[in-house]
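Worksheet: the structure to be examined is printed underneath.
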Amino acid sequence: MFSFRNKRILIISPEGWGRSFLSKHHYAQTLAESGAEVWFLAPGNGHEMKPFPNLKLTVLFHEGTRGLRHIPRFLAHRMMRREARQIESITGGRFDVVWSFDSSRLFDLSVFDGAFRIYHMVDERNDFNLSVIASTADICLAVTSSMVSRLSVHNRRSYFVQHGHIPGSDVDVALPAGKNKIRALYAGNLRMQFLDWELIGKVVRSFPDVDFYFVGSRGGGNMNPGDWPVHPEMLRLHEYPNVILTGEVDYAALNSFMQQSDILLLMYDAKRFPDEVANSHKILSYLSSGKVVVATYTREYDGMGLLEMATDQESYMSILKEVADNKDAYNNPALMSKRMSYANEHTYMKQLTRIEELISKVKS
């Protein structure tokens, strides 16, 4: 059976390395912990390297050549091949596995000679050169059924793989004090374009007896492109007496915050962006706490009984009121155990095993 252990692996990411982690960062760290030599290719100028002393993991900040999709394919291929050789020279040799999460650069994976090539689609809108990157991959992975369908047009070896989860630590970080007995928490980038700010404002104003914690970046950091707009409602959040803004925190603190909350929130604009919000990375982290999750419509979890899921703003308000009035019933031991069990079946280490099995199937 195929194994990532002792392999040289290049992960290509559209996001930089920083305080906030997404799936590509967690996969990089988990691969390094499992015995692989991992190079994480992040956007940046020059060829700055950031090694992690206790892991075989190095972040290489490398911008690369942009705009290659606008030139003839043969010329773009030649330029990407030259760039691949440059990266191999900098990092000490060719790679056993190239695992790309980024369809905007080095999108012709055939330039990595001898490597097993993976394209992993975790963002519906990261599809800039989809036909090329999918067709030049040995296997394609995706986190929603709609993404799998799109990839399958170009590569029949396309598979659904659920997001991963990092088990929480035992670090105890106190949630900032609020004024109310009920604590509801949203974790995530507040500059994200898919948030339903109309709903967020309505929720905060309609439940003055609930403290709302917003944990995440409001600007800057490795998750925010400079051109993402700032919503006026986000700028007003600090004016509400029942809102606490914590800013970005590390994963251990977030896990502690979730444990201390009564309700966890997902508030996306599922009508405008149904595919983009069909499966949020944060859901498994939420479920790992065991706490009840009140969510806007999330297609990949429909019918699973893990989320208290609304279909529109009106039903969201109704569900949130029901949960807030009966929070202990929704956080009873049986329901909490069901949520935690699902999350624990999808740790990143277990997802790596599932992916190894898929690769073995493809290679056989």
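1189 is the number of the first residue of the sequence shown in the working numbering; add one for each residue after it. We put the CB at the ideal spot given by N, CA and C, even for glycine. Being a predicted model, the structure only gives us computed values, none of them experimental.
In this structure, how does DSSP classify Tyr-1428 when only helix, strand and coil are distinguished? On the sequence shown, residue 1428 is found 240 positions in, with the first residue counted as 1. Tyr-1428: coil per DSSP, three-state reduction.
**Request:** Measure the Cβ-Cβ separation of Leu-1363 and Ala-1325 and say whether it is below 7 Å.
**Result:** By one-based count along the sequence shown, residue 1363 stands at place 175. By one-based count along the sequence shown, residue 1325 stands at place 137. Taking 7 Å as the Cβ cut-off, Leu-1363 and Ala-1325 do not qualify as a contacting pair.
Skipping 5 residues on each side, what residues in its chain have a beta carbon closer than 6 Å to that of Ala-1178?
As displayed, the chain neither begins before 1189 nor continues past 1552, which places residue 1178 out of reach and without an answer.
* To do: Please name the residue in Gly-1232, Met-1268 and Leu-1329 whose C-alpha comes closest to that of Glu-1545.
  => If you number the sequence shown from 1, residue 1545 lands on position 357. Measuring from the Cα of Glu-1545, the nearest candidate turns out to be Leu-1329.
- With DSSP as the reference, label Leu-1389 as helix, strand or coil. Position 201 of the sequence shown, counted from the start, is the residue given in the question as residue 1389. First, the residue type needs correcting, since residue 1389 is Gly and not Leu in the sequence shown. Three-state result, Gly-1389: helix.
Item to complete: Compare the C-alpha of Gly-1281 against each of Val-1226, Arg-1257, Pro-1260 and Phe-1249 and name the closest.
Response: Counted from its first residue, the sequence shown places residue 1281 at position 93. Ranking the options by Cα distance to Gly-1281, first place goes to Val-1226.
Buried/exposed call for Ala-1483, threshold 16 Cβ in 10 Å: The residue you call residue 1483 lines up with position 295 of the sequence shown. With 16 or more other Cβ atoms inside 10 Å of its own Cβ, Ala-1483 counts as buried.
message = Within a Cβ cutoff of 7 Å, which residues of the same chain sit near Gly-1376, ignoring the five residues on either side of it in sequence?
response = Here residue 1376 is taken as the residue at index 188 of the sequence shown, counted from 1. Excluding sequence positions up to five before and after Gly-1376, its CB lies within less than 7 Å of the CB of Gly-1404 and Lys-1470, all in the same chain and listed in chain order.
With distances taken between CB atoms, is the gap from Tyr-1374 to Phe-1402 smaller than 7 Å?
The sequence position of residue 1374 within the sequence shown is 186, counting from 1. The sequence position of residue 1402 within the sequence shown is 214, counting from 1. Cβ distance < 7 Å, so Tyr-1374 and Phe-1402 count as in contact.
Item to complete: Buried or exposed for Lys-1549, please, with buried defined as at least 16 other CB atoms from any protein chain shown within 10 angstroms of its CB.
Response: The residue labelled residue 1549 in the question sits at position 361 within the sequence shown. With fewer than 16 Cβ atoms within 10 Å of its Cβ, Lys-1549 is classed as exposed.
Next on the checklist: Within the continuous alpha helix (DSSP H) that includes Tyr-1215, where are the two ends?
Outcome noted: Within the sequence shown, numbered from 1, the residue matching residue 1215 stands at position 27. Taken as a continuous stretch (DSSP letters only), the alpha helix (DSSP H) holding Tyr-1215 covers 1211–1221.
Review point. Can you list, in chain order, the residues of its chain whose CB lies under 8 Å from that of His-1419, leaving out five sequence neighbours each side?
Key: Numbered from 1 along the sequence shown, position 231 holds the residue referred to as residue 1419. Leu-1383 and Trp-1385.
Using 10 angstroms around the beta-carbon of Met-1492, count the other beta-carbons present and answer buried if the total reaches 16, otherwise exposed. The sequence position of residue 1492 within the sequence shown is 304, counting from 1. Exposed, since its Cβ has fewer than 16 Cβ neighbours within 10 Å.
Requested in this report: Give me whichever residues DSSP pairs with Val-1226 in a beta bridge.
Outcome: As a first step, residue 1226 is located in the sequence shown; it is residue number 38 there, counting from the start. Val-1226 pairs with Ile-1197 and Leu-1245.
Which residue marks the beginning of the beta strand (DSSP E) containing Glu-1488, and which one marks its end? Translated into the one-based positions of the sequence shown, residue 1488 becomes position 300. Looking at the DSSP string, Glu-1488 is not in any beta strand (DSSP E), and its letter there is neither H nor E.
Where Ser-1529 and Thr-1253 are concerned, what is the direct C-alpha to C-alpha distance, given to the nearest angstrom?
Position 341 of the sequence shown, counting from 1, holds the residue named residue 1529. Position 65 of the sequence shown, counting from 1, holds the residue named residue 1253. The alpha-carbon atoms of Ser-1529 and Thr-1253 are separated by roughly 44 Å.
Just verifying my parser: in three-state terms, what is the DSSP assignment at Met-1505? Residue numbering aside, residue 1505 sits at position 317 when the sequence shown is read from its first letter. Met-1505 falls in the helix class under three-state DSSP.
| message | Threshold first: 4 residues or longer. Then list the alpha helix (DSSP H) segments lying entirely within the region 1244–1320, N to C. | response | Whole alpha helix (DSSP H) segments, 4+ residues: 1261–1279.
| message | Count Cβ pairs between the region 1344–1358 and the region 1470–1480 that sit closer than 8 Å; are there 3 or more? | response | The region 1344–1358 vs the region 1470–1480: in contact.
- Message: I'd like the span of the alpha helix (DSSP H) that includes Ser-1346, first residue to last.
- Response: For the purposes of this step, residue 1346 is taken as residue 158 along the sequence shown, with counting starting at 1. Premise fails: Ser-1346 lies in the beta strand (DSSP E), 1346–1348, not in any alpha helix (DSSP H).
Just the Cα atoms here: how many angstroms apart are Arg-1257 and Val-1398?
As a position in the sequence shown, residue 1257 is number 69, starting the count at 1. As a position in the sequence shown, residue 1398 is number 210, starting the count at 1. The alpha-carbon atoms of Arg-1257 and Val-1398 are separated by roughly 50 Å.
Distance, Asp-1450 Cα to Asn-1430 Cα
For the purposes of this step, residue 1430 is taken as the residue at position 242 of the sequence shown. For the purposes of this step, residue 1450 is taken as the residue at position 262 of the sequence shown. Rounded to the nearest angstrom, the two C-alpha atoms are 15 Å apart.
Beta-carbon spacing of Phe-1300, Val-1286 below 7 Å:
In the sequence shown, residue 1300 corresponds to position 112, counting from 1. In the sequence shown, residue 1286 corresponds to position 98, counting from 1. Taking 7 Å as the cut-off, the Cβ atoms of Phe-1300 and Val-1286 count as close.
Look up Asp-1399 in the DSSP assignment and give the residues it is bridged to.
Within the sequence shown, the letter at position 211 stands for residue 1399. Arg-1371.
Q. Tyr-1456 bridges to which residues according to DSSP?
A. Numbered from 1 along the sequence shown, position 268 holds the residue referred to as residue 1456. According to DSSP, Tyr-1456 bridges with Leu-1383.
> Where do the N-terminal and C-terminal ends of the beta strand (DSSP E) with Lys-1238 fall, by residue?
Replying inline: The sequence position of residue 1238 within the sequence shown is 50, counting from 1. Where Lys-1238 is concerned, the enclosing beta strand (DSSP E) stretches over 1236–1240.
Boundaries (first-last residue) of the beta strand (DSSP E) holding Val-1481:
Taking the sequence shown and counting its residues from 1, one reaches residue 1481 at position 293. Note, Val-1481: beta strand (DSSP E), 1480–1483.
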